[in-house]
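*Asks:* In this note's numbering, the protein residues as written are 29 to 477.
We put the CB at the ideal spot given by N, CA and C, even for glycine.
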Ligand code: AMP
Ligand code: GLY
């Protein structure tokens, strides 16, 4: 099978490795020179992932059997539609369907119209005065640009926004400056709880869930600092999380299934690809947002332990014939190494050295992200640099493996969060859920699962 992979981050390196394990011949289209993807591709092209025509041209030139898109941008610009017109199936939804991520207004209105559980109180506004009234009514709110902002546009009262006045000022700014590309804003009630990620494969009708993952968005240790694209993530051998019950996870998966059905009714089109549901575990499961692709870093957790053949899963998605997907019953911890200042003022173009042999000896899996390979040397960019993933029976061991691997990456202007996956941080999450749900008995939870 000749497969076109769009995207050049660590998520895409994980997709590339899974495709390669499944026997694929890889053709990669990416915006930076990711050495991990380059070395396992038959051919690659470096160009912007928004250049849909070039992507289709590259796919046709190489006569690929199907394509898979890692990031949301090409999907939101219609890469699946354009490829299909050229006779090439795509694992990834068409433009109309990718709106589930590209427009937060569309996603909320879809949930509302089709009565999908997990909906929070929300409003979509194009007039800032109306948004202000709603903010006053709700009090603690999340203020969200409608369109794509690379995970950096959402601001919340009590976190990035000090009070209601700051929320009002930001809502006005979002509308006036068209942050995210629309002169509108989504205002939502603020939900308190623990976030988790549910990712599912979708073949148009059937959905197959992947293990639950928790992502760490904050830049610094102890969940402090600004939000980033994600500094790391973990998953458990149970395929649940220490604070997440089977019933809660099934609810999240059901929300994803209902969204697929609603999209079909709304657009007449079948969703084929990966659907990502970012959820908040509160008194019940609330849906925070949908993404139309694998999560980054969450793809690394699930694809590293995927036992089924990923090429066959992709073919089944395309054929509408998806059955199941098997994952090893192991815990995973993913730690990202990023340039100092990542998410604010990153120190880019710094040279780093990566001792791949020692990383392998440590037992971790290495996925390159937004680095550039030039003349045998590696340079950082403004985005995340690389990820290491530890896989083991217990979370503790997986964390130790990932942490030890970080020591084999050297450079002055890089950092990582050493606390991701550690017991201390996970205990805090359990305590939080115990408080929210009024649970007294800690043995209810599977710390170290
Ligand atoms: P999003 O881009 O929608 O994923 O939002 C970014 C982050 O903001 C999420 O991962 C949550 O941590 C937070 N967030 C978004 N919406 C809400 C909400 N309604 N209540 C509380 N936190 C939220
Ligand atoms: N991990 C968050 C995302 O992929 O959007």
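Within its chain, find whatever has a CB closer than 8 Å to the CB of residue 352; leave out the 5 residues flanking it on each side and keep chain order.
*Replies:* Here residue 352 corresponds to residue number 324 of the chain shown, with the count starting at 1. So the list reads 236 and 336, once near-sequence residues are dropped.
*Asks:* Taking Cβ positions, are residue 423 and residue 262 nearer each other than 9 Å?
*Replies:* Residue 423 sits at position 395 when you count from the first residue of the chain shown. Residue 262 sits at position 234 when you count from the first residue of the chain shown. Cβ distance < 9 Å, so residue 423 and residue 262 count as in contact.
*Asks:* Residues in its own chain within less than 6 Å of residue 319 by CB, not counting five upstream and five downstream?
*Replies:* Taking the first residue of the chain shown as position 1, residue 319 is located at position 291. Once the five neighbours on either side are set aside, the close Cβ partners of residue 319 are 129 and 304.
*Asks:* With a cut-off of 5 Å, give the chain-ordered residues whose Cβ is closer than this to any heavy atom of the ligand GLY.
*Replies:* Spelled out in chain order, the answer is 243, 258, 323 and 324.
*Asks:* Tell me which same chain residues have a C-beta within less than 7 Å of the C-beta of residue 420, skipping the five on either side of it?
*Replies:* Looking up residue 420 in the chain shown gives position 392. For residue 420, where only same-chain residues beyond five positions count, the Cβ hits under 7 Å are 358, 359, 426 and 429.
*Asks:* Please tell me whether residue 387 and residue 120 are closer than 9 Å, where the distance is taken between their beta carbons.
*Replies:* Residue 387 sits at position 359 when you count from the first residue of the chain shown. Residue 120 sits at position 92 when you count from the first residue of the chain shown. Contact: no.
*Asks:* How far does the beta strand (DSSP E) with residue 279 in it extend, from its first residue to its last?
*Replies:* Translated into positions along the chain shown, residue 279 becomes position 251. No beta strand (DSSP E) contains residue 279, which is instead part of the alpha helix (DSSP H) from 274-295.
*Asks:* Distance, Cα to Cα, residue 144 vs residue 195?
*Replies:* The residue labelled residue 144 in the question sits at position 116 within the chain shown. The residue labelled residue 195 in the question sits at position 167 within the chain shown. So the two alpha carbons sit approximately 27 Å from each other.
*Asks:* Please classify residue 372 as buried or exposed, where buried requires at least 16 other C-beta atoms within 10 Å of its C-beta.
*Replies:* In the chain shown, counting from the first residue as 1, residue 372 sits at position 344. It counts as exposed.
*Asks:* Can you give, in chain order, each stretch of the alpha helix (DSSP H) that sits fully within the segment 176-223 and has at least 4 residues?
*Replies:* Runs found: 192-204.
*Asks:* Taking 8 Å as the line, does the beta carbon of residue 170 fall inside it for any heavy atom of the ligand AMP?
*Replies:* The residue given as residue 170 occupies position 142 in the chain shown. Yes; taking the cut-off as 8 Å, the Cβ of residue 170 has a heavy atom of the ligand AMP nearer than that.
*Asks:* Just reading off the alpha helix (DSSP H) that residue 81 is part of, what are its end residues?
*Replies:* One-based indexing of the chain shown puts residue 81 at position 53. Counting along the chain, the alpha helix (DSSP H) containing residue 81 begins and ends at 80-89.
*Asks:* Identify the continuous alpha helix (DSSP H) that holds residue 271 and give its terminal residues.
*Replies:* Numbered from 1 along the chain shown, position 243 holds the residue referred to as residue 271. From DSSP, residue 271 is part of no alpha helix (DSSP H); its letter is neither H nor E.
*Asks:* Using CA coordinates, which residue listed in 250, 166 and 123 is at the minimum distance from residue 448?
*Replies:* For this step, residue 448 is matched to residue 420 along the chain shown. Taking only the C-alpha atoms, the option nearest residue 448 is 250.
*Asks:* Is there contact here, the segment 391-404 with the segment 464-473, by at least three beta-carbon pairs under 8 Å?
*Replies:* Touching, no, given that fewer than three Cβ pairs across the two stretches are closer than 8 Å.
*Asks:* What does the Cβ neighbour count give for residue 39, buried or exposed, with the cut at 16 atoms within 10 Å?
*Replies:* Here the question's residue 39 lines up with position 11 in the chain shown. Looking at its Cβ environment, which holds 16 or more other Cβ atoms inside 10 Å, residue 39 is buried.
*Asks:* Tell me whether residue 560 is buried or exposed, calling it buried when 16 or more other Cβ atoms sit within 10 Å of its Cβ.
*Replies:* With the chain running from 29 to 477 in the structure shown, residue 560 is simply not present.
*Asks:* Assign residue 114 to one of two classes, buried (16 or more other C-beta atoms within 10 Å of its C-beta) or exposed (fewer than that).
*Replies:* Within the chain shown, the letter at position 86 stands for residue 114. The residue in question, residue 114, is exposed, as its Cβ has fewer than 16 Cβ neighbours within 10 Å.
*Asks:* Cα separation between residue 480 and residue 361?
*Replies:* Limits of the chain in this structure are 29 at one end and 477 at the other, which puts residue 480 out of reach.
*Asks:* Below 8 Å, is the gap between the Cβ of residue 209 and the nearest heavy atom of the ligand AMP?
*Replies:* Counting from 1 along the chain shown, the entry for residue 209 is found at position 181. Residue 209 Cβ: outside cutoff for every heavy atom of the ligand AMP.
*Asks:* Less than 9 Å separating the beta-carbons of residue 406 and residue 434?
*Replies:* What you label residue 406 is simply residue 378 of the chain shown in a count that begins at 1. What you label residue 434 is simply residue 406 of the chain shown in a count that begins at 1. No.
*Asks:* Does the Cβ of residue 252 lie closer than 8 Å to at least one heavy atom of the ligand AMP?
*Replies:* Counting from one through the chain shown, the residue named residue 252 turns up at place 224. Outside the cutoff, so no.
*Asks:* Is residue 43 helix, strand or coil when you go by DSSP?
*Replies:* In the chain shown, the residue the question calls residue 43 occupies position 15. Three-state DSSP puts residue 43 in a helix.
*Asks:* By Cβ distance below 6 Å, which residues in the same chain neighbour residue 410 in space, the five residues on each side in sequence not counted?
*Replies:* Numbered from 1 along the chain shown, position 382 holds the residue referred to as residue 410. Hits under 6 Å: 374 and 376.
*Asks:* When burial is assigned at 16 or more other CB atoms within 10 Å of the CB, is residue 154 buried or exposed?
*Replies:* If you number the chain shown from 1, residue 154 lands on position 126. Residue 154 comes out exposed.
*Asks:* Which residues in the same chain have their Cβ closer than 8 Å to the Cβ of residue 94, if we skip the five residues on either side of it in sequence?
*Replies:* In the chain shown, counting from the first residue as 1, residue 94 sits at position 66. Same-chain partners within the cutoff: 29, 31, 32, 116, 117, 118, 119, 342, 343 and 346.
*Asks:* Go ahead and pull the three-state DSSP assignment for residue 53.
*Replies:* Residue numbering aside, residue 53 sits at position 25 when the chain shown is read from its first letter. DSSP places residue 53 in strand when its eight states are reduced to three.
*Asks:* Is the Cβ-Cβ distance between residue 437 and residue 416 less than 9 Å?
*Replies:* Counting from 1 along the chain shown, the entry for residue 437 is found at position 409. Counting from 1 along the chain shown, the entry for residue 416 is found at position 388. Taking 9 Å as the Cβ cut-off, residue 437 and residue 416 qualify as a contacting pair.
*Asks:* Less than 9 Å between CB atoms is the rule here; does residue 298 satisfy it with respect to chain C?
*Replies:* Within the model displayed, chain C is absent; a lone protein chain is all it includes.
*Asks:* Which whole-angstrom value is the C-beta distance of residue 203 and residue 167, which I expect to be below 8 Å?
*Replies:* By 1-based counting over the chain shown, the position of residue 203 is 175. By 1-based counting over the chain shown, the position of residue 167 is 139. At roughly 20 Å, the Cβ-Cβ gap does not stay under 8 Å, so residue 203 and residue 167 are not in contact.
*Asks:* Just confirm the distance between the C-beta atoms of residue 330 and residue 241, as a whole number of angstroms; I'd bet it's less than 8 Å.
*Replies:* Looking up residue 330 in the chain shown gives position 302. Looking up residue 241 in the chain shown gives position 213. That belief holds up - the Cβ atoms of residue 330 and residue 241 are roughly 7 Å apart, short of 8 Å.
*Asks:* Find the nearest neighbour of residue 464 within the set 309, 368 and 103, judged by alpha-carbon distance.
*Replies:* Mapped onto the chain shown, residue 464 falls at position 436. Looking at the Cα atoms, 309 is the closest of the given residues.
*Asks:* Going residue by residue through the segment 87-134, where are the continuous beta strand (DSSP E) segments of at least 3 residues, counting only ones entirely within it?
*Replies:* List check, beta strand (DSSP E) in window: 94-97.
*Asks:* Between the alpha carbons of residue 147 and residue 68, how many angstroms are there, rounded?
*Replies:* On the chain shown, position 119 is the one that residue 147 refers to. On the chain shown, position 40 is the one that residue 68 refers to. Answer to the nearest angstrom: the Cα atoms are 42 Å apart.
*Asks:* Just tell me which of 412, 221 and 244 has its CA closest to the CA of residue 466.
*Replies:* Start at 1 with the first residue of the chain shown, and residue 466 comes out as number 438. The option with the nearest alpha carbon to residue 466 is 221.
*Asks:* Taking only three categories from DSSP, how would you classify residue 322?
*Replies:* In the chain shown, the residue the question calls residue 322 occupies position 294. Residue state, collapsed to three classes: coil.
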